[in-house]
Every structure is written in C-alpha cells, then in structure tokens.
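In what follows, a single structure is set out as structure tokens and then discussed.
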Ligand code: FES
C-alpha cells in the first residue's frame with residue numbers, strides 16, 4: 001500500500017494524498033467527499049499541468065517535489081517563498097498549504113472612448 005500524507009488546507013480541512021499523487025488531485029477528491037467543507041467554493045482547476053496558474057497555493061510547511069511550473073505564474077522568488085501550482089507538486093511528507101488567489105493575465109484590451117482618441 002502506498003504511503004499517504006496529510007494535506008492540511010488552511011481554514012478548509014484536510015485531504016489525504018498518496019505517494020506520487022499531485023496535491024490538487026488529492027484536494028479535489030477530499031472536496032468531493034466533503035472533507036474540505038470549509039472551502040466556500042469549488043477548487044480552481046485549469047490545465048492541470050503547471051501552465052495556467054489558476055491553482056496557486058502557498059506551502060506553509062512540509063516537504064514536496066515539483067514538476068515544471070510556468071514562470072509566468074510562479075517566479076523564482078515566489079517559488080523560494082513557497083508559492084506553488086498545486087497541480088504540479090507531490091507531497092513527500094504531511095504538508096500545510098494555503099490556497100492563493102490565481103493571477104490571471106488580462107488579455108483584453110482596454111476599450112478607448114471617443115474622447116481618448
Ligand atoms: S491547473 Fe493549470 S497550473 Fe494548475
């Protein structure tokens with residue numbers, strides 16, 4: 001039986017994450033079983049491959065390994081400060097994390113009014 005680690009999601013509850021499993025997958029499962037009941041919204045999920053940045057979280061304690069993450073969404077400085085994309089980390093111990101608001105780059109142009117032209 002694979003090892004299992006606890007993911008304590010700040011203010012929301014706990015998830016069980018099996019060895020080699022992505023933190024996001026474990027948290028989604030926990031939410032579907034009602035174990036993250038204090039999370040007032042559905043977990044933000046997008047590409048699931050470290051590319052869109054919607055699943056940002058901050059690891060507050062614990063060990064993990066990580067796949068490549070888009071540096072457009074997690075800079076090197078942020079990574080050193082514990083910011084991660086939860087779809088791209090694999091806990092290696094019990095961890096504690098906080099879900100962070102996603103940083104979504106706006107691709108829409110600002111409309112100009114006729115007075116600005
Ligand atoms: S779901 Fe897209 S980066 Fe995690």
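In this note's numbering, the protein residues as written are 1 to 117.
Yeah, the Cβ is synthetic: ideal placement off N, Cα and C, and Gly gets one too.
Under the DSSP assignment, residue 60 falls in the beta strand (DSSP E) whose first and last residues are 56-61.
Relative to the non-hydrogen atoms of ligand 1, the Cβ of residue 89 never comes closer than 7 Å to any of them. Placement of the Cβ of residue 29 at a distance of 7 Å or more from every heavy atom of ligand 1 is found.
Exclusion of the five residues before and after residue 50 leaves 67, 68, 69, 70, 85, 87, 88 as the residues of its chain whose Cβ lies within less than 7 Å of its Cβ. For residue 47, the number of other beta carbons within 10 angstroms of its own is below 16, and it is reported as exposed. By the CB criterion at 8 Å, residue 8 and residue 16 fall outside the cutoff. With contacts defined by Cβ atoms closer than 8 Å, residue 90 and residue 14 do not form a contacting pair.
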